[in-house]
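Chains as they are written, first to last, in numbering that gives the first Met the number 0: chain A, 0 to 656; chain B, 0 to 656.
Where a beta carbon is used, it is the ideal one built from N, C-alpha and C, also for glycine.
Quick notes on the structure that follows.
2 protein chains.
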Amino acid sequence: MPTVDLLLTNAIVVTMNPDGDTHNPGAIAINGDSIVAVGPADALAKTYTAAQAIDLGGRAVIPGLVNAHTHVPMTLLRGLADDLRLDVWLMGYIMPVEREFVSPDFCRLGTLLACAEMIRSGVTCFADMYYFEEDVARATADAGLRALCAQTVLKFPTPDAKSYEDSLDYARDFISRWKGHPLIVPSVAPHAPYTCTPEILRATAALAAEFDVPLHTHLGETALEQTNNRKEHGMPVIPWVKKNNLFEAKVLAAHCVHVDDGEIRTLRNANAGVAHNPTSNLKLASGVAPVTKMLELGLNVGIGTDGPASNNDLDMFEEVRLAAILAKGFSGDPTVLPARTAMTMATRLGAAALHFGGLTGSLEPGKRADLAVVNLQSVHNSPTFTHDPNSIYSQLVYTTHSHDVTDVMCNGKWLMRNQKLLTLDEAALTTAAQEYAKRIDTFLIKRERSVLSKLIAIGGVTESESFEVQVKARVEDPATVFEGLKSEAVTLVRKAHYHEYDTYFYFEHPETNRVRYREDEFIDDKGEVTQARYRLTLIGEMKERELQNTVMLSRSRYLAPAGQSLRFYREYFRPAEEREVEKDRRRWLVVYRGVEFFVNLDKLIKPEVSGYFIEIKSRTWSKRDAEDKAKLIGELMALFGAETDESLAEDYADIGL
Amino acid sequence: MPTVDLLLTNAIVVTMNPDGDTHNPGAIAINGDSIVAVGPADALAKTYTAAQAIDLGGRAVIPGLVNAHTHVPMTLLRGLADDLRLDVWLMGYIMPVEREFVSPDFCRLGTLLACAEMIRSGVTCFADMYYFEEDVARATADAGLRALCAQTVLKFPTPDAKSYEDSLDYARDFISRWKGHPLIVPSVAPHAPYTCTPEILRATAALAAEFDVPLHTHLGETALEQTNNRKEHGMPVIPWVKKNNLFEAKVLAAHCVHVDDGEIRTLRNANAGVAHNPTSNLKLASGVAPVTKMLELGLNVGIGTDGPASNNDLDMFEEVRLAAILAKGFSGDPTVLPARTAMTMATRLGAAALHFGGLTGSLEPGKRADLAVVNLQSVHNSPTFTHDPNSIYSQLVYTTHSHDVTDVMCNGKWLMRNQKLLTLDEAALTTAAQEYAKRIDTFLIKRERSVLSKLIAIGGVTESESFEVQVKARVEDPATVFEGLKSEAVTLVRKAHYHEYDTYFYFEHPETNRVRYREDEFIDDKGEVTQARYRLTLIGEMKERELQNTVMLSRSRYLAPAGQSLRFYREYFRPAEEREVEKDRRRWLVVYRGVEFFVNLDKLIKPEVSGYFIEIKSRTWSKRDAEDKAKLIGELMALFGAETDESLAEDYADIGL
């Protein structure tokens with residue numbers, strides 16, 4: 000009788016092989032890292048002598064689950080910010096914190112924490128995409144899990160690279176040294192079409208092809224990505240990346256929420272795997288991937304949790320269950336994506352999507368011994384029906400919780416026995432994670448208190464107009480201003496005409512400055528809008544000082560181009576109050592007695608105020624200079640027919656309040 | 000210093016009161032069944048002397064969750080049949096099994112099993128709707144949980160009542176005896192508008208109003224329900240039930256998936272509560288309820304698991320999480336239904352939806368001590384951020400699992416301490432549940448083996464045409480038949496013209512009979528379709544016997560009106576093979592030599608066969624009679640110009656195969 004190292008017996012063996020075989024009571028014979036045989040318990044008992052036999056007491060054995068897409072170090076950012084728009088969440092929270100905190104140490108700790116969680120929920124294999132991926136790989140191997148570890152490359156600076164060339168060098172070095180590892184398949188991850196240049200797509204695909212390793216990426220996550228891709232490149236995302244040689248590599252594409260039938264066929268023809276991430280796609284309101292169609296067309300579709308910052312956990316049982324019910328609710332057909340199919344996605348199809356099909360994903364002779372033991376006898380899983388052979392899948396998908404997993408083996412090695420982790424120290428990990436959270440909290444609290452820090456956190460702010468003299472006054476008839484401008488004492492340098500929409504954000508704490516979001520519509524001589532400009536201004540505390548003629552020395556300001564929408568900033572800054580100002584503005588840059596002044600003639604539309612306002616401003620550097628300019632401003636006001644005693648210190652946003 | 004029975008201290012107290020107060024470290028003072036005070040730990044320590052103080056070591060305390068809609072005894076049917084259409088699932092599996100098995104004992108056991116599961120997942124209160132509701136109530140009170148127990152009333156016979164009057168009597172008796180119970184609020188449940196008559200709606204509303212107890216019902220679960228309601232009653236569901244006085248009672252309406260803004264306003268004005276059941280609505284592909292709109296309009300919307308036969312568990316943490324992410328994915332807006340709102344729905348709003356707002360749903364002085372202790376320090380919940388006051392809700396909704404609940408108290412009494420149940424014997428319950436499952440399995444396996452049993456299970460079958468003589472032959476020219484009918488020897492009794500669509504279901508096992516689903520379109524003299532008839536026929540084994548003129552003595556048949564669609568029967572019977580036959584049929588009932596014969600003149604359209612077929616049939620009772628009639632049939636065949644030697648024994652479904 001042949002001898003094997005281990006015989007797991009008296010179990011409900013759910014093989015997830017293509018025939019859907021189950022054995023009850025069944026057994027699995029294991030030698031070293033691999034499965035030797037799977038079958039009825041009595042048959043295997045007669046065939047093999049086992050060095051060790053473990054009676055599983057009627058528990059189920061399933062293939063270790065495959066988490067087809069995640070960013071494991073982000074466990075350290077789970078719950079950092081929720082219920083926000085993708086852009087606010089990403090650019091307002093995740094990226095600033097990543098810039099500040101992501102390091103090899105961060106990645107190692109975050110990965111170990113993630114591995115502890117995944118082992119507890121029956122996962123033995125995952126696909127990762129993050130920074131410092133070699134640290135992720137090392138931590139994963141130490142934990143004993145199998146993974147596709149893909150080093151991120153994108154066109155922006157990242158926590159681990161100043162440029163994409165650096166990331167690419169890192170990826171090449173990482174792949175060349177880790178290729179052939181028993182647990183880790185090193186890989187490269189061009190982040191997404193919209194964060195990569197065509198050069199990055201081509202270079203990463205060539206690298207993956209050269210080393211014959213998979214390439215991991217995000218494709219078609221949002222409708223906006225597709226819209227922008229069509230606008231910029233004249234075609235949808237999938238043909239665009241195909242044109243840029245992406246499919247020369249073995250691709251694992253995360254999301255594919257917004258792909259049409261033609262794109263699904265292209266993915267199929269390229270033998271690309273897809274990672275479906277139902278929780279993340281719902282939580283970030285990206286949509287629902289057409290999974291039923293993908294499966295129908297023969298695509299290898301796995302299931303992923305996505306990163307724990309957008310999920311917020313790594314629980315594959317939750318994910319499988321959601322995949323099964325969401326496909327029904329989304330299609331209106333309760334018979335689609337039945338439990339057995341969902342379970343197949345979480346195991347065999349997921350492994351195939353990672354291009355790990357020969358290694359893991361089912362309990363079959365020759366594959367690695369990657370498995371989980373599941374207790375189906377708990378209260379929430381009782382009773383068990385047997386009249387339908389699909390009942391076992393129904394139990395695993397609809398009623399089993401991650402906590403029902405009692406034992407996990409990967410590559411022939413136990414990682415958990417009787418719910419005790421054997422390769423990781425959970426208490427030490429959670430304590431260290433909490434230390435990071437404390438530092439991140441401090442960083443964010445400090446930033447949240449200062450609107451300036453929040454502005455700086457999203458980049459590109461410049462200090463400007465730090466010191467200026469200015470006056471504002473009502474004018475009943477704008478004709479007096481136009482006549483004043485024609486005076487010989489005044490030289491016109493340039494002029495402009497805007498329609499301005501301002502939104503002021505006010506904050507609860509009085510020490511906080513206010514933020515103005517301004518849309519300037521440029522109006523030409525024919526009264527047509529020719530272009531628009533968006534600016535964000537942090538209006539500092541009023542450090543005003545009255546000079547003669549009610550001219551005031553104004554506040555410091557910080558200015559930033561507003562690349563995001565008003566909605567973005569509203570959600571990012573979370574103001575306590577908002578005020579809107581809309582006006583028609585004619586602006587002139589004039590020279591008067593050798594000094595440059597800006598003259599604004601404003602007609603307020605919102606709040607509705609009769610008459611016009613004139614503003615005259617000039618930069619200044621000293622008190623003496625300010626006083627001189629204040630005097631000149633007084634003269635100009637008289638020239639423009641404005642009464643200086645009617646001048647106003649208040650901002651337009653404060654008028655009438 | 001005032002004395003209290005119990006002080007729970009050193010906890011993150013998440014009150015879920017309208018102000019959203021949390022205390023960390025916080026404490027709760029409890030006297031008897033009620034909360035006396037909630038606040039910071041040090042403040043309560045200074046204010047109260049406690050007979051017992053329990054240090055919760057930094058765990059969170061939340062109000063006990065409110066499961067706003069379920070059918071608890073159905074734990075015994077969990078996983079019975081999945082991934083099927085609502086009608087197949089309900090009429091093909093659930094209802095036949097309920098007719099066979101539901102008893103007071105079944106309801107008691109199922110309820111106790113459900114209570115064990117709910118206590119483990121932090122639920123202290125639920126709304127139930129089932130049969131033998133007094134047994135549900137008694138079991139719930141024994142387990143120590145709070146519940147709205149609503150006795151189902153509908154227009155069909157139920158496992159506990161032969162008619163709706165019986166159910167109504169049961170409900171009145173139950174309510175009158177249980178009203179005022181410290182844990183149970185007895186109630187009545189008109190099942191749904193489409194399963195109730197207007198009389199039932201009015202009678203149940205009057206009963207609930209008379210005793211001032213809530214009324215529980217299903218409203219607007221499917222689009223079909225709304226379509227049918229508009230068709231039958233000329234208005235949507237909500238106005239229809241309003242017209243039938245339903246809102247004279249305090250209503251708790253489950254589902255409300257398909258309700259428009261006007262209907263939501265009607266519900267709001269009636270102060271009706273709504274139970275949102277996201278898993279069940281997705282799994283049965285009913286749709287997604289407009290929860291965000293409901294909340295916006297001020298409706299009390301709770302969250303429910305629905306029955307464990309359609310979920311398949313009672314895990315409120317899964318449900319809350321799904322409610323939060325589904326609203327985002329469904330609306331395309333990731334900021335809707337933030338974690339705090341989801342948690343409010345699962346607690347305070349849920350209690351208000353059950354009309355239990357004064358009793359439970361938040362940790363506030365004066366309310367009952369209904370609470371759950373949750374460990375937020377496990378691996379999947381690490382780390383914890385504090386920079387945002389919403390972080391605690393985010394943790395509870397997005398990362399907490401039911402297994403993180405360590406202790407549960409209801410009405411001031413501990414039901415679980417350190418994950419050990421104090422009022423229920425889980426092992427005994429799961430063993431007893433498994434006994435039921437075994438009996439149900441046996442019942443279903445026996446039924447599945449016999450197509451006749453499956454047909455009988457959905458009701459209304461009649462045995463017919465048990466013995467008949469018949470012949471079928473080709474005729475090239477139908478004119479010879481029309482001429483034969485004009486013969487003096489033939490008396491025409493009546494005639495008909497049909498367009499017939501037949502679908503034959505074949506099964507794998509040779510002993511199994513085949514099932515024919517037939518749609519008969521009735522065609523008038525102008526060739527117009529006037530009506531249609533749907534029939535299901537079980538065609539028994541061929542017990543044919545050749546008589547003279549190739550007349551055969553045919554098989555036994557069972558006939559049933561086909562109230563469901565072809566699709567229903569396909570999914571219900573799961574045939575191994577299907578064949579379709581379409582034909583134009585002219586049929587005459589004639590008398591020839593004092594004997595009645597049916598004459599069919601058929602033109603096959605599918606499969607396409609040239610020429611016509613004639614069939615002549617007559618019922619018979621004895622071999623002698625059969626032989627006499629076979630002779631007469633031979634004469635008729637000659638009269639109609641059909642060659643008897645061309646007669647065919649095979650069924651149309653077998654032609655050309």
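**Asked** From T429(A), Y193(A), H180(A), pick the residue whose C-alpha is nearest to that of Q376(B); which is it?
**Response** Here residue 376(B) corresponds to residue number 377 of the second sequence, with the count starting at 1. Checked all of T429(A), Y193(A), H180(A); the closest Cα to Q376(B) is T429(A).
**Prompt:** Relative to the ligand FAD, is the shortest distance from any of its heavy atoms to the C-beta of L251(B) smaller than 7 Å?
**Reply:** The model on display carries no ligand, and the ligand FAD is accordingly not part of it.
**Request:** In angstroms with no decimal places, state the Cα-to-Cα distance between T74(B) and L537(B).
**Result:** Translated into the one-based positions of the second sequence, residue 74(B) becomes position 75. Translated into the one-based positions of the second sequence, residue 537(B) becomes position 538. Across the structure, T74(B) and L537(B) are spaced so that their CA atoms are roughly 34 Å apart.
**Message:** Relative to the C-alpha of G301(B), which candidate in A308(B), M315(B), H257(B) has its C-alpha closest?
**Reply:** As a working mapping, residue 301(B) is identified with position 302 in the second sequence. That would be M315(B), whose Cα lies nearest to the Cα of G301(B).
**Message:** The alpha helix (DSSP H) that contains C409(A), what's its start and end?
**Reply:** The count along the first sequence starts at 1 and reaches residue 409(A) at position 410. Element bounds for C409(A): not the alpha helix (DSSP H) but the beta strand (DSSP E), 404 to 409.
**Request:** Could you tell me which residues DSSP puts in a beta bridge with R532(B)?
**Result:** The residue labelled residue 532(B) in the question sits at position 533 within the second sequence. For R532(B), the beta-bridge partners assigned by DSSP are D519(B).
**Message:** Quick check on DSSP: helix, strand or coil for P189(B)?
**Reply:** Against the second sequence, residue 189(B) aligns to sequence position 190. The answer is strand: DSSP assigns P189(B) an E or B state.
**Request:** Please confirm whether L395(A) and V37(A) have their CB atoms less than 8 Å apart.
**Result:** Locating residue 395(A) in the first sequence gives position 396, counting from the first residue. Locating residue 37(A) in the first sequence gives position 38, counting from the first residue. Against a cut-off of 8 Å, the Cβ pair of V37(A) and L395(A) comes out as no contact.
**Prompt:** So is I61(B) in contact with chain A if we call contact Cβ pairs under 8 Å?
**Reply:** Numbered from 1 along the second sequence, position 62 holds the residue referred to as residue 61(B). I61(B) does not count as touching chain A.
**Prompt:** Which chain B residues are close to T334(A), counting only those with a beta carbon under 8 Å from its beta carbon?
**Reply:** Looking up residue 334(A) in the first sequence gives position 335. In chain order: D82, L83, R84, E570.
**Message:** Across the segment 138 to 155 of chain A and the segment 106 to 115 of chain A, are there enough close Cβ pairs to call them in contact, namely three or more that are closer than 8 Å?
**Reply:** With a cut-off of 8 Å, the segment 106 to 115 of chain A and the segment 138 to 155 of chain A count as touching, because enough Cβ pairs lie within range.
**Request:** Take the Cβ of P388(B) as the centre, count every other Cβ of all protein chains shown within 10 Å, and call the residue buried at 16 or more, exposed below.
**Result:** By 1-based counting over the second sequence, the position of residue 388(B) is 389. When all chains shown are included, P388(B) counts as exposed.
**Request:** Can you give me the Cβ contacts of I494(B) inside the same chain, cut-off strictly under 8 Å, excluding the 5 residues immediately before and after it?
**Result:** Taking the first residue of the second sequence as 1, we reach residue 494(B) at position 495. A quick correction: the sequence has Lys, not Ile, at residue 494(B). Counting only Cβ-Cβ distances below 8 Å, and skipping sequence neighbours, we find R585, R586, W587, L588.
**Request:** Name, please, each residue of chain B whose Cβ falls closer than 7 Å to the Cβ of V287(A).
**Result:** Taking the first residue of the first sequence as position 1, residue 287(A) is located at position 288. Listed by position along chain B, the residues whose Cβ is nearer than 7 Å to that of V287(A) are G328.
**Request:** Would you be able to state if there are at least three C-beta pairs under 8 Å between the segment 398 to 413 of chain A and the segment 327 to 345 of chain A?
**Result:** No contact exists between the segment 327 to 345 of chain A and the segment 398 to 413 of chain A.
**Request:** For I93(B), go through chain A and note every residue whose CB falls closer than 9 Å to its CB, in chain order.
**Result:** The sequence position of residue 93(B) within the second sequence is 94, counting from 1. None at all; the shortest Cβ gap to chain A is about 13 Å.
**Asked** Under a Cβ-count criterion, where at least 16 other Cβ atoms within 10 Å of its own Cβ denotes burial, should I444(A) be classed as buried or exposed?
**Response** On the first sequence, position 445 is the one that residue 444(A) refers to. So I444(A) ends up on the exposed side.
**Item:** Length at least 3, wholly inside the segment 4 to 44 of chain A: the beta strand (DSSP E) runs in chain order
**Value:** Within the segment 4 to 44 of chain A, the complete beta strand (DSSP E) runs of at least 3 residues are 21 to 30, 33 to 39.
**Asked** Would you say I444(A) faces chain B, with C-beta separation under 8 Å as the test?
**Response** By one-based count along the first sequence, residue 444(A) stands at place 445. Yes, I444(A) lies at the interface with chain B (some Cβ there is under 8 Å from its Cβ).
**Range of the contiguous alpha helix (DSSP H) that encloses S330(B)** = Start at 1 with the first residue of the second sequence, and residue 330(B) comes out as number 331. That run of the alpha helix (DSSP H) goes 315 to 330.
**Item:** Nearest-angstrom Cβ-Cβ length linking L111(B) and A126(B), presumed shorter than 8 Å
**Value:** The residue labelled residue 111(B) in the question sits at position 112 within the second sequence. The residue labelled residue 126(B) in the question sits at position 127 within the second sequence. Actually they are not in contact, since the Cβ atoms of L111(B) and A126(B) sit about 18 Å apart, beyond 8 Å.
**Message:** Less than 8 Å between CB atoms is the rule here; does N9(A) satisfy it with respect to chain B?
**Reply:** Within the first sequence, the letter at position 10 stands for residue 9(A). No Cβ of chain B is located within less than 8 Å of the beta carbon of N9(A).
**Request:** Run the CB neighbour count on P307(A), radius 10 Å, all protein chains shown included, and call it buried at 16 or more, exposed below.
**Result:** Position 308 of the first sequence, counted from the first residue, corresponds to residue 307(A). Buried is the label assigned to P307(A), since at least 16 other Cβ atoms lie within 10 Å of its Cβ.
**Prompt:** For G272(B), does the three-state DSSP call read helix, strand or coil?
**Reply:** In the second sequence, the residue the question calls residue 272(B) occupies position 273. Strand, per DSSP.
**Message:** If the cut-off is 8 Å on Cβ atoms, which residues from the segment 112 to 145 of chain A count as contacting chain B, listed in chain order?
**Reply:** Residues of the segment 112 to 145 of chain A with a Cβ closer than 8 Å to any Cβ of chain B, in chain order: L112, A115, E116, R119, S120.
**Message:** Can you check which of these residues, D41(A), P235(A), A368(A), is closest to D32(A) by C-alpha distance?
**Reply:** What you label residue 32(A) is simply residue 33 of the first sequence in a count that begins at 1. Ranking D41(A), P235(A), A368(A) by Cα distance to D32(A) puts A368(A) first.
**Item:** Inter-residue CB distance, V372(A) and R98(A) (contact presumed, cutoff 8 Å)
**Value:** If you number the first sequence from 1, residue 372(A) lands on position 373. If you number the first sequence from 1, residue 98(A) lands on position 99. Their Cβ separation, rounded to whole angstroms, is 42 Å, which puts V372(A) and R98(A) out of contact at 8 Å.
**Message:** Using 8 Å as the cut-off, can you tell me whether the segment 188 to 197 of chain B makes contact with the segment 217 to 229 of chain B, which would need three or more C-beta pairs spanning the two stretches below that distance?
**Reply:** In short, these stretches touch, since the Cβ pair count reaches three.
**Request:** Could you check what DSSP says for K437(B) in three-state terms: helix, strand or coil?
**Result:** If you number the second sequence from 1, residue 437(B) lands on position 438. Helix at K437(B).
**Request:** Name, please, each residue of chain A whose Cβ falls closer than 8 Å to the Cβ of V378(B).
**Result:** Taking the second sequence and counting its residues from 1, the one referred to as residue 378(B) is at position 379. For a Cβ distance threshold of 8 Å, residue set L112, A115, E116, R119, E425, L428, T429 of chain A lies close to V378(B), ordered along the chain.
**Asked** DSSP state of A136(B), grouped into three classes?
**Response** Position 137 of the second sequence holds residue 136(B). Residue state, collapsed to three classes: helix.
**Item:** Closer than 8 Å to chain B by CB, F506(A)
**Value:** Here residue 506(A) refers to the residue found at position 507 of the first sequence. Residue-level contact by beta carbon fails for F506(A) and chain B, as no gap is shorter than 8 Å.
**Message:** Assuming contact is defined by CB atoms lying nearer than 8 Å, are R264(A) and L214(A) in contact in what I supplied?
**Reply:** Position 265 of the first sequence, counted from the first residue, corresponds to residue 264(A). Position 215 of the first sequence, counted from the first residue, corresponds to residue 214(A). No. Outside cutoff.
**Asked** For a contact meaning CB atoms closer than 7 Å, what does K282(A) contact in chain B?
**Response** On the first sequence, position 283 is the one that residue 282(A) refers to. Residues of chain B passing the Cβ test: I324, K327, P333.
**Request:** Locate the beta strand (DSSP E) running through W587(B), then write down its first and last residues.
**Result:** Residue mapping note: residue 587(B) aligns to position 588 of the second sequence, counting from 1. Note, W587(B): beta strand (DSSP E), 576 to 591.
**Prompt:** Could one say the Cβ of Y702(B) lies closer than 8 Å to chain A's Cβ atoms, at least one of them?
**Reply:** Beyond the ends of chain B as shown, which are 0 and 656, falls residue 702(B); an answer cannot be given.
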